[in-house]
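Residue numbers (this note's numbering): 1100 to 1315.
Reading through the structure tokens given below for one structure.
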């Protein structure tokens, strides 16, 4: 296996998803700071790899992959068969449908809440908008709670890519100064994730440096 190289800053939630997979699969990799205060996304060499100038970007030998979900699927298919990449197509479909739901539904309100409450300076914040996003995010997590009432993980019986995508949101959800509904199954799932060193190392990172910062 060629050495994996990942471009992206540790405070990026999309980079954290990829880091979690790399750590979960115990893959050797090099990470290069990029984006935010580190810049570098408009450099010609970077744009040659990622035409959108975003993070993360992964290089695996001659293969370059951008977009966090494309990257985690690539890593799981290449190096996580039987673990994050089930052999059974039906099992993969279950994880895929929840992965799609996270991106289309849960993530949108959650990231808006984070930007409006954390990234926006206090004097510019919209209290009504924050409450709307908080309420909708809580409703999305209630859907996950019902799913987790019947399954140990979002993806099924074992940790999968849907758990990576959804679980990435939990640290910030539980650390933000907001009212949270009691969701017993989500909370139990979060405790389970917190027992995984890969999750803690990749996702459980304080975000003080992002407060009031709309620049990136």
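Beta carbons are placed, not taken as given, at the ideal position from N, Cα and C, and that holds for glycine.
Hey, quick one: how far does the alpha helix (DSSP H) through residue i stretch, first residue to last?
{"i": "residue 1285", "result": "1283-1293"}
{"i": "residue 1266", "result": "1260-1266"}
{"i": "residue 1172", "result": "1167-1178"}
{"i": "residue 1305", "result": "Careful: residue 1305 lies outside any alpha helix (DSSP H) and carries neither H nor E."}
Could you check what DSSP says for residue i in three-state terms: helix, strand or coil?
{"i": "residue 1125", "result": "coil"}
{"i": "residue 1137", "result": "helix"}
{"i": "residue 1300", "result": "helix"}
{"i": "residue 1143", "result": "helix"}
{"i": "residue 1113", "result": "helix"}
{"i": "residue 1269", "result": "helix"}
{"i": "residue 1313", "result": "coil"}
Can you name the residues that DSSP bridges to residue i?
{"i": "residue 1277", "result": "Answer is none; residue 1277 lacks a bridge partner."}
{"i": "residue 1162", "result": "1159"}
{"i": "residue 1105", "result": "1130, 1157"}
{"i": "residue 1255", "result": "1252"}
Please list, in chain order, all residues of the same chain as residue i whose beta carbon is under 7 Å from its beta carbon, the five residues on each side excluded.
{"i": "residue 1282", "result": "1240, 1241, 1244"}
{"i": "residue 1149", "result": "1156, 1165"}
{"i": "residue 1108", "result": "1114, 1132, 1133, 1134, 1135, 1137, 1154"}
Beta-carbon within less than 6 Å of residue i's beta-carbon, same chain only, minus the 5 sequence neighbours each way: which residues are those?
{"i": "residue 1131", "result": "1106"}
{"i": "residue 1193", "result": "1255"}
{"i": "residue 1292", "result": "1266, 1298"}
{"i": "residue 1268", "result": "1209"}
{"i": "residue 1252", "result": "1258, 1262"}
Tell me which same chain residues have a C-beta within less than 8 Å of the C-beta of residue i, skipping the five on either side of it?
{"i": "residue 1316", "result": "No answer is possible for residue 1316: it lies beyond the span of the chain, which begins at 1100 and ends at 1315."}
{"i": "residue 1316", "result": "Any answer about residue 1316 is impossible in this case: the structure gives the chain only from 1100 up to 1315."}
Report the start-end ranges of each alpha helix (DSSP H) in the region 1180-1239 that is 4 residues or longer and not cut off at the edges.
1188-1200, 1206-1213
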